[in-house]
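Trainee:
There are 4 protein chains.
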Amino acid sequence: MIGSDEFETRVRASFARQKAMQTLGVAITRIAAGEVEFAMPFAPDFTQQHGFLHAGTVATVLDSACGYAAFTVMAPEAAVMTIEFKANFLAPAKGENFRFVGKVLKAGRTVTVCDAQAFGRDAGNEKLIATMTATIMAVTGRAGIEQ
Amino acid sequence: MIGSDEFETRVRASFARQKAMQTLGVAITRIAAGEVEFAMPFAPDFTQQHGFLHAGTVATVLDSACGYAAFTVMAPEAAVMTIEFKANFLAPAKGENFRFVGKVLKAGRTVTVCDAQAFGRDAGNEKLIATMTATIMAVTGRAGIEQ
Amino acid sequence: MIGSDEFETRVRASFARQKAMQTLGVAITRIAAGEVEFAMPFAPDFTQQHGFLHAGTVATVLDSACGYAAFTVMAPEAAVMTIEFKANFLAPAKGENFRFVGKVLKAGRTVTVCDAQAFGRDAGNEKLIATMTATIMAVTGRAGIEQ
Amino acid sequence: MIGSDEFETRVRASFARQKAMQTLGVAITRIAAGEVEFAMPFAPDFTQQHGFLHAGTVATVLDSACGYAAFTVMAPEAAVMTIEFKANFLAPAKGENFRFVGKVLKAGRTVTVCDAQAFGRDAGNEKLIATMTATIMAVTGRAGIEQ
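Residue numbers (the working numbering), protein chains in the order written: chain A, 175 to 321; chain B, 175 to 321; chain C, 175 to 321; chain D, 175 to 321.
(1) Between the C-alpha atoms of Met175/B and Thr246/B, what's the straight-line distance to the nearest angstrom?
(2) Would DSSP call Gly199/D helix, strand or coil?
(3) Any chance you could list the alpha helix (DSSP H) runs of at least 4 consecutive residues sitting entirely within the segment 181–247 of chain D, in chain order?
(4) Listed from N- to C-terminal order along the chain, which residues in the segment 276–300 of chain C have their beta-carbon within a distance smaller than 9 Å of any beta-carbon of chain A?
(5) Please list the terminal residues of the continuous beta strand (DSSP E) segment that includes Arg295/A.
(6) Who are Gly276/C's beta bridge partners in DSSP?
(7) Does any residue of chain C have a CB that is nearer than 8 Å to the CB of Met311/B?
(8) Compare the C-alpha of Glu270/D against each of Ala206/D, Asp296/D and Phe189/D and name the closest.
(9) From the beta carbon of Pro250/A, is the nearest beta carbon of chain B less than 8 Å away?
(10) Give the DSSP-derived three-state secondary structure of Gln321/A in the structure shown.
(11) Just to confirm before moving on: does the CB-CB distance between Phe226/D and Ala267/D stay below 8 Å?
(12) Which residue comes first and which comes last in the beta strand (DSSP E) that contains Thr324/D?
(13) I'd like to know if Asp179/A contacts chain B, where contact means its C-beta is closer than 8 Å to some C-beta of that chain.
(14) Check whether chain B comes within 8 Å of Glu320/C, counting only Cβ atoms and requiring the distance to be less than that.
(15) Within the chosen definition, does the segment 247–265 of chain C reach the segment 234–253 of chain A through at least 3 CB pairs nearer than 8 Å?
(16) Rounded to a whole number of angstroms, what is the C-alpha to C-alpha distance between Ile319/C and Gln291/B?
(17) What does a CB cutoff of less than 6 Å around Thr305/B pick up in its chain, not counting 5 residues either side in sequence?
(18) Short check: CB of Gly276/B to CB of Val210/B, under 8 Å?
(19) Are Phe220/D and Ile202/D close, meaning C-beta to C-beta below 8 Å?
(20) Give every residue of the same chain whose Cβ lies closer than 6 Å to the Cβ of Glu182/A, excluding the five residues on either side of it in the sequence, and list them in chain order.
(21) Is Leu264/D close to chain B? Criterion is C-beta to C-beta, closer than 8 Å.
(22) Could you check where the beta strand (DSSP E) with Glu251/B kicks off and where it finishes?
(23) Output yes or no for whether 8 Å exceeds the beta carbon distance between Val362/D and Val235/D.
(24) How many Å lie between Asp237/C and Gln196/C at the Cα?
(25) Under 8 Å Cβ-Cβ, which residues of chain A neighbour Lys260/C?
(26) Measure the Cβ-Cβ separation of Ala239/B and Phe212/B and say whether it is below 8 Å.
(27) Using the Cα positions of Ala249/D and Thr284/A, report the straight-line distance between them to the nearest angstrom.
(28) Between Val232/D and Val232/A, what straight-line distance do the alpha-carbon atoms span, to the nearest angstrom?
(29) Check whether chain A comes within 8 Å of Ile257/B, counting only Cβ atoms and requiring the distance to be less than that.
(30) Looking only at DSSP bridge pairs, what is Leu302/B linked to?
(31) So with CB distances below 7 Å, who are the chain C contacts of Gly269/D?
(32) Given that a residue counts as buried once 16 or more other Cβ atoms are within 10 Å of its Cβ, and exposed if not, what is Ala187/A?
(33) Using a cut-off of 8 Å between C-beta atoms, extract the partners of Thr231/A located in chain B.
(34) Would you call the CB atoms of Gln223/D and Arg191/C closer than 8 Å?
(35) Please name the residue or residues paired with Lys260/B in a DSSP beta bridge.
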């Protein structure tokens with residue numbers, strides 16, 4: 175069994191190297207086996223034409239939530255790569271800040287499927303704004319990462 | 175029939191209000207009826223843990239390419255909203271710069287379906303790195319945009 | 175508010191006209207506001223090359239589960255049309271029989287998003303074999319159905 | 175290099191074991207490296223409530239088209255499994271008969287991504303009715319097929 179200290183350390187180290195997460199101001203708020211939670215403030219630099227977060231910005235954090243949820247259940251030496259994802263946008267991405275939850279739906283040796291949800295938060299109220307299903311592949315060795 | 179001047183002006187005006195596009199350094203390189211092309215330089219601030227563009231960054235530009243392709247064929251008073259998108263990541267997002275093409279696959283009164291492709295470019299060579307299919311909804315009136 | 179008798183009658187009447195459901199031997203086991211459940215026996219005529227249910231067969235029932243879940247929350251005069259769906263296949267579709275659950279994730283005036291799950295059942299044990307997210311459109315008038 | 179005789183024989187042998195294809199009356203009309211084409215007559219037993227082919231029926235043949243396109247470029251000993259697919263339904267599935275084309279978009283050692291299109295045909299006219307993107311995994315050994 176994988177100890178929580180072990181995967182938590184790996185997730186935090188990898189997350190720290192994801193420049194996109196730092197640029198967007200995303201923080202890890204929880205790490206568990208098969209599940210991660212992130213928080214992010216509203217970011218005016220990443221909006222669309224109506225002033226809400228761009229759907230792609232929301233998808234970026236949902237994708238990382240899926241990838242790191244998968245990372246918690248994969249072999250320590252594996253790297254994770256997103257093969258594909260699908261997102262539905264249910265409401266405009268507005269809020270003072272946002273919460274993202276990624277969960278493993280099915281863990282496999284090579285392929286892991288994750289679901290994630292994004293919530294907009296305003297004055298303590300939370301609203302589901304988007305969902306994602308992502309297929310994540312475990313790759314070992316630099317060759318794999320380079321495809 | 176919609177004159178090209180008309181939709182080109184609308185696309186450029188809306189694009190200029192998408193802060194996310196400016197932040198990522200995306201430029202419009204072509205606008206035609208049912209099709210747009212964007213260019214973007216490599217952006218270290220939007221990378222994942224291996225130093226390639228984050229899948230979500232790629233998806234952000236693909237989504238805008240789909241949305242503006244749809245915008246060229248919609249009624250002038252309509253706003254566009256992404257209902258959902260699905261992206262496949264075929265190769266690591268590396269390159270000196272990137273090219274994105276969005277095309278209308280099926281235009282409808284309410285719902286328009288678009289395909290988009292992302293290419294990484296290095297020393298004049300181009301490689302397909304990701305594809306997207308997006309479902310875009312035309313909404314009229316502020317109520318629609320607010321859902 | 176929509177009375178349960180009303181939508182249940184509509185769902186059953188429409189389902190009875192879906193020849194594909196009869197051909198596959200699918201039965202409605204539950205109808206509630208925003209949720210339906212179907213059952214189906216193993217069907218050798220709808221298998222793939224390894225003798226499991228074909229992924230498309232599973233998707234067919236998942237799609238109907240999504241469509242009828244959406245149907246329960248739509249205006250009585252509206253017809254439902256699947257705009258798109260995405261399914262992940264998590265385990266081989268084997269079992270003596272199968273259970274399908276469709277639920278409304280977000281109901282809208284025009285567009286409703288649903289999630290569905292498929293389970294294989296053997297000797298009382300149940301296993302999640304596939305999931306779907308579907309975008310369903312409400313169309314009114316024959317013109318809409320004909321697109 | 176894989177000889178065409180070799181993969182054509184493998185595709186035909188596997189296709190003949192897909193009971194679902196026989197039940198739907200699907201025939202192979204072309205096999206090439208990375209591409210297959212199927213034909214199917216209108217099938218009243220597989221329709222939805224308005225008398226058109228059920229979206230799931232269309233998806234079933236699209237999925238097989240993707241799977242066999244992938245099969246042509248995979249190692250002879252590998253079995254193919256659909257990890258996930260996403261389909262957009264662009265027009266009602268009506269016609270005297272239907273044509274389906276599946277193509278490899280990106281072939282990989284483990285994961286292959288395919289696109290497919292479905293066309294309805296009436297009195298010699300052809301109309302695009304649906305598209306699919308599918309992620310196909312090569313699995314070797316019975317253990318893989320059983321997941």
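Every residue gets a Cβ at the ideal spot worked out from N, C-alpha and C, and that includes glycine.
Mentor: The answer reads as follows:
(1) In this prediction, Met175/B scores a pLDDT of 46, lower than 50, which makes its location untrustworthy; no coordinate-derived value is stated.
(2) coil
(3) 193–198 and 229–245
(4) Answer set for the segment 276–300 of chain C: Leu279, Lys280, Gly282, Val287 and Asp289.
(5) Val285 to Asp296
(6) Val210/C and Ala290/C
(7) Proximity of Met311/B to chain C, defined by a Cβ-Cβ separation below 8 Å, is satisfied.
(8) Asp296/D
(9) no
(10) Because Gln321/A sits at a pLDDT of 39, beneath the cut-off of 50, its placement in the model cannot be relied upon, and the point is left open.
(11) yes
(12) A query on residue 324/D cannot be resolved here, the shown segment of chain D reaching from 175 to 321 and no further.
(13) False, the Cβ-Cβ gap to chain B never drops below 8 Å.
(14) For Glu320/C, the pLDDT reaches just 42, beneath the cut-off of 50, and the residue's location in the model is therefore unreliable, although a value from the coordinates is still provided. Output row for Glu320/C: interface = no.
(15) Flag = no, the segment 247–265 of chain C and the segment 234–253 of chain A do not touch.
(16) Note on Ile319/C: pLDDT 49, under 50, position unreliable in the model; the coordinate value appears next. Computed Cα separation, rounded: 31 Å.
(17) Asn262 and Gln291
(18) yes
(19) no
(20) Annotation for Glu182/A: Ile205 place their beta carbon closer than 6 Å to its own, counting only its chain and skipping 5 residues before and after.
(21) Chain B contact via Cβ: present.
(22) That residue, Glu251/B, is in no beta strand (DSSP E); it is neither H nor E in DSSP.
(23) One cannot answer for residue 362/D here, as it falls past the ends of chain D, which runs 175 to 321.
(24) 15 Å
(25) Lys260 and Thr307
(26) yes
(27) 18 Å
(28) 32 Å
(29) yes
(30) According to DSSP, which records beta bridges pairwise, Leu302/B is partnered with Phe293/B.
(31) Those within 7 Å of Gly269/D in chain C number zero; the least Cβ separation is about 13 Å.
(32) exposed
(33) Ala194, Gly230 and Thr234
(34) yes
(35) Beta-bridge pairing links Lys260/B to Lys260/A and Thr307/B.
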